[in-house]
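Visitor:
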Amino acid sequence: MRCEDAISRIADNLDEDHGQSDESELREHLMQCSSCRYEFEQFQKFWLELGSIPVPVHDGLVTKAALMAALKWRSNVRAALKAVAAIVIFAGIAVAAGILLKPGPAKVLAHVRGESGAPIELVEYGDYECPPCYAHGYHLMIDRLLEKYPGVIRYEFRHFPLTSIHPNALPAALAAEAAGVHGKFWEMHRSLLESHDRWSRNPKAGDVFVDLATEIGLDPAIFKKSLHSSELEQRILEETSKARDSGINATPTFLLNGRKLNPAPITFDDFDGQIRELLGTLKIEKSKGPK
Amino acid sequence: MEPTDWELMSAVRNGDLEKFGSLFDRHQQSLFNYFYRLSGDAASSEDLVQDVFLRMLKYRRSFRHDSQFRAWMYQIARTARIDRFKRHREEQSSTQVPTLRSPQDGPDRCLEDAEQNVLLQKALLRLPEDKRELLVLARFQQMKYSEIGALLGIEASIVKVRVHRAIVELRDIALSLAGERTHAM
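If you read the sequences in order, they're chains A and B. FYI, the numbering for the first sequence is 484 to 774, going by this note's numbering. FYI, the numbering for the second sequence is -1 to 183, going by this note's numbering.
1. What three-state label does DSSP hand V635(A) in the structure shown?
2. Go to L738(A), then tell me how far its alpha helix (DSSP H) extends in each direction, as first and last residue.
3. Please list the residues of the region 50 to 62 of chain B that have a C-beta atom closer than 9 Å to any C-beta atom in chain E, keeping them in chain order.
4. For the region 514 to 541 of chain A, which residues have a CB atom closer than 9 Å to at least one CB atom of chain B, in sequence order?
5. For the beta strand (DSSP E) that L605(A) lies in, which residues bound it at each end?
6. R53(B) lies in the alpha helix (DSSP H); which residues open and close that run?
7. Going by DSSP in three states, C124(B) sits in which element: helix, strand or coil?
8. Residues in its own chain within less than 6 Å of A549(A) by CB, not counting five upstream and five downstream?
9. Shorter than 8 Å from the beta carbon of V10(B) to some beta carbon of chain A?
10. Can you tell me whether Q48(B) is buried or exposed, with buried defined as 16 or more other CB within 10 angstroms of its CB?
11. Taking only beta-carbon positions, decide if Y34(B) is within less than 8 Å of chain A.
12. Are the region 722 to 739 of chain A and the region 670 to 683 of chain A touching, with three or more C-beta to C-beta distances below 8 Å?
13. Sorted by chain position, which residues of the same chain lie with C-beta nearer than 7 Å to Y72(B)'s C-beta, five sequence neighbours on each side aside?
14. Mind checking the region 61 to 82 of chain B against chain A and listing, in chain order, the residues whose C-beta falls within less than 9 Å of any C-beta there?
15. Could you tell me if L583(A) is buried or exposed, where buried requires 16 or more neighbouring beta carbons within 10 angstroms of its beta carbon?
16. Spell out whether any CB of chain B is found under 8 Å from the CB atom of A549(A).
17. Are the C-beta of I625(A) and some C-beta of chain B separated by less than 8 Å?
18. With DSSP collapsed to three states, give me the class of K158(B).
19. Run through DSSP, which three-state label would Q90(B) get?
20. In whole angstroms, what separates the C-alpha of R727(A) from that of L720(A)?
21. Less than 8 Å between the CB atoms is what I'm expecting for H594(A) and E44(B), so what's the real figure, rounded?
22. Under 8 Å between beta-carbons, which chain A residues line up against G13(B)? List them in chain order, please.
23. So within the region 699 to 768 of chain A, which uninterrupted beta strand (DSSP E) runs reach at least 3 residues, ignoring any that extend past its ends?
24. For V595(A), which of helix, strand or coil comes out of DSSP?
25. Using a Cβ-Cβ cutoff of less than 7 Å, which residues in the same chain neighbour A75(B) once the five nearest sequence positions on both sides are dropped?
26. Give the single residue among Q525(A), L653(A), L531(A) and L629(A) whose Cα lies nearest to the Cα of E612(A).
27. From the beta carbon of Q26(B), is the nearest beta carbon of chain A less than 8 Å away?
28. Under the three-state reduction of DSSP, which class applies to L641(A): helix, strand or coil?
29. Does the Cβ-Cβ distance between D3(B) and L21(B) come in under 8 Å?
30. Count the other CB atoms, across all protein chains shown, that sit within 10 Å of the CB of E113(B); report buried if there are 16 or more and exposed otherwise.
31. Considering only residues of the same chain and omitting the five flanking positions on each side of A69(B), which have a CB-CB separation below 7 Å?
32. Go ahead and pull the three-state DSSP assignment for G663(A).
33. How about the region 639 to 658 of chain A and the region 668 to 677 of chain A: do they share at least three Cβ pairs that are nearer than 8 Å?
34. Taking N31(B) as part of the alpha helix (DSSP H), name the residues at either end of that continuous run.
35. If you measure between the beta carbons of I171(B) and R130(B), is that distance less than 8 Å?
And the structure:
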């Protein structure tokens, strides 16, 4: 055997799983050739060293909890779909009977992302003109959280405009609600946060809101009507007052399953850490519960 | 007798989602190792493990009677990693500083071994992506050349040659890093 053939066969012998070739020729060559023998020994040594690089032990408990929650959510969705189907049938019958009532305004301005019934509920009280609310990019962190924990988190945004210090906070909340009337709350929510420099402290913020509405595909004339709705304004103020009564006094305030996060998270990892911890707790409580 | 991976995954495919937990328990550490060896980043490796299992669930119908579970799982793992790489291109630097952490790194562990391990992990991360993956599959995931070949779509004989070349290159990088360390001391 030539030296170059021997060297090319070394890879065959690095690991027992890979020993597929006849070794006798190679062994014989190595006995005779000290240079190849040295190379072979060095390779084996290196291969062994490589195998000893440690990897953190990963128990996977948090990941598994999230995964199992997602599975549970899937089965809940199936059940919910059956329920929805039943409701649709009932509604169909109701329409046919002409007994559909005119729907009244919703009592709570709930804007929810994620799944209802998710084990973790994250509530944000926000003010669109509050610098930390837009500067930290919370909406992007929420995107990432919902992507990372599908079926595990229900996120809700609630208005808490600090009208005494932020002159355009209430009009901005109204703009979001007005867009929401036409099914574009989240689009406007994002747009307001990402273009705060266009409307914040701007005496002509109303015009900017109409521009933003047009940019997200709303009819400016129809949007304007909703923007000036005193009913929407009243509801935002009522919600704010209710929040203040429950102890909310700053923006942004985040509640995780009802517990105020203090200090407020400022990075994705802050949220992630809190959620991991909570998932771990939920898992422990579940394992302690009745079987 | 313990059900095989194939039996568990076939059950999941047919709607018995409860079996998915057992598959997770069996393979999560191995998948974590795969991602961690490739990136040196524990947090993103954990995210990817979750992503792989969610994809396995989503695409469970692509697991067929003649599928090999491990090959199928690694195919999904590779795709998940490539997708993440595209999304977070800036995070996937090949010169990323490894964040080795392990219970084995406690005070009882030989300092010299630990230093050598850090050096090797650094060298691994400096190796070009394709060669690094080849070595990780061959050395750490204990895959046979034929399995790696099937996964990467190349002949086993080519895998062997490339593994050999990758080791030569890795060894050179490790030696050069060791030299840098000596000069710095």
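Each residue gets a CB set at the ideal place from its N, CA and C atoms; glycine is no exception.
Guide: Concretely, from the data shown:
1. Within the first sequence, the letter at position 152 stands for residue 635(A). Note: V635(A) maps to coil in three-state DSSP.
2. Walking along the first sequence from the start, residue 738(A) turns up at place 255. Judged by DSSP secondary structure, L738(A) falls outside any alpha helix (DSSP H) and instead within the beta strand (DSSP E) spanning T736 to L739.
3. Here chain E cannot be found, since the structure's protein chains are A and B.
4. Q525, F526, F529, W530, E532, L533, G534, S535, I536, P537, V538, P539, V540 and H541
5. The count along the first sequence starts at 1 and reaches residue 605(A) at position 122. Element bounds for L605(A): I603 to G609.
6. Mapped onto the second sequence, residue 53(B) falls at position 55. Taken as a continuous stretch (DSSP letters only), the alpha helix (DSSP H) holding R53(B) covers A40 to K56.
7. For the purposes of this step, residue 124(B) is taken as the residue at position 126 of the second sequence. Note on residue identity: the sequence assigns Arg, not Cys, to residue 124(B). Helix.
8. Walking along the first sequence from the start, residue 549(A) turns up at place 66. Cβ neighbours of A549(A) beyond the five flanking positions: Y632 and V635.
9. Taking the first residue of the second sequence as position 1, residue 10(B) is located at position 12. With 8 Å as the cut-off, V10(B) does not count as an interface residue toward chain A.
10. As a working mapping, residue 48(B) is identified with position 50 in the second sequence. Per the 10 Å Cβ criterion, buried.
11. The sequence position of residue 34(B) within the second sequence is 36, counting from 1. Yes - at least one Cβ of chain A is within 8 Å of the one on Y34(B).
12. no
13. Locating residue 72(B) in the second sequence gives position 74, counting from the first residue. Taking C-beta separations shorter than 7 Å and ignoring five residues to either side along the sequence, the partners of Y72(B) in its chain run L149, following chain order.
14. none
15. The residue given as residue 583(A) occupies position 100 in the first sequence. Annotation note: pLDDT 44 at L583(A) (below 50); position unreliable, no value reported.
16. The count along the first sequence starts at 1 and reaches residue 549(A) at position 66. Yes - at least one Cβ of chain B is within 8 Å of the one on A549(A).
17. Start at 1 with the first residue of the first sequence, and residue 625(A) comes out as number 142. I625(A) does not count as touching chain B.
18. Here residue 158(B) refers to the residue found at position 160 when the second sequence is read from its first residue. Correct three-state label for K158(B): helix.
19. Here the question's residue 90(B) lines up with position 92 in the second sequence. In this prediction, Q90(B) scores a pLDDT of 41, lower than 50, which makes its location untrustworthy; no coordinate-derived value is stated.
20. Here residue 727(A) refers to the residue found at position 244 when the first sequence is read from its first residue. Here residue 720(A) refers to the residue found at position 237 when the first sequence is read from its first residue. R727(A) and L720(A): Cα-Cα distance of roughly 10 Å.
21. Looking up residue 594(A) in the first sequence gives position 111. Looking up residue 44(B) in the second sequence gives position 46. So it is not a contact: roughly 30 Å between Cβ atoms.
22. On the second sequence, position 15 is the one that residue 13(B) refers to. Residues of chain A passing the Cβ test: none, with the nearest at roughly 11 Å.
23. 736 to 739
24. In the first sequence, counting from the first residue as 1, residue 595(A) sits at position 112. In the structure shown, V595(A) sits in a strand (DSSP, three-state: E or B).
25. By 1-based counting over the second sequence, the position of residue 75(B) is 77. If we look at A75(B) and ignore the five residues flanking it on each side, its Cβ neighbours are L29, Y32 and V50.
26. Residue mapping note: residue 612(A) aligns to position 129 of the first sequence, counting from 1. Cα-wise, what sits closest to E612(A) is L653(A).
27. In the second sequence, residue 26(B) corresponds to position 28, counting from 1. Closer than 8 Å to some Cβ of chain A, the Cβ of Q26(B) qualifies, so yes.
28. One-based indexing of the first sequence puts residue 641(A) at position 158. Checking the sequence, you will find Arg at residue 641(A) rather than Leu. R641(A) falls in the strand class under three-state DSSP.
29. Locating residue 3(B) in the second sequence gives position 5, where the first residue counts as 1. Locating residue 21(B) in the second sequence gives position 23, where the first residue counts as 1. In this structure, L21(B) lies closer than 8 Å to D3(B) by Cβ.
30. On the second sequence, residue 113(B) is found 115 positions in, with the first residue counted as 1. It is exposed - the Cβ of E113(B) has fewer than 16 other Cβ atoms within 10 Å.
31. To locate residue 69(B), count along the second sequence from 1; it is residue 71. These residues qualify, in order along the chain: E145, A148 and L149.
32. As a first step, residue 663(A) is located in the first sequence; it is residue number 180 there, counting from the start. Three-state DSSP puts G663(A) in a helix.
33. The region 639 to 658 of chain A vs the region 668 to 677 of chain A: in contact.
34. For this step, residue 31(B) is matched to residue 33 along the second sequence. That run of the alpha helix (DSSP H) goes F18 to S37.
35. One-based indexing of the second sequence puts residue 171(B) at position 173. One-based indexing of the second sequence puts residue 130(B) at position 132. No, Cβ-Cβ distance for I171(B) and R130(B) is not below 8 Å.
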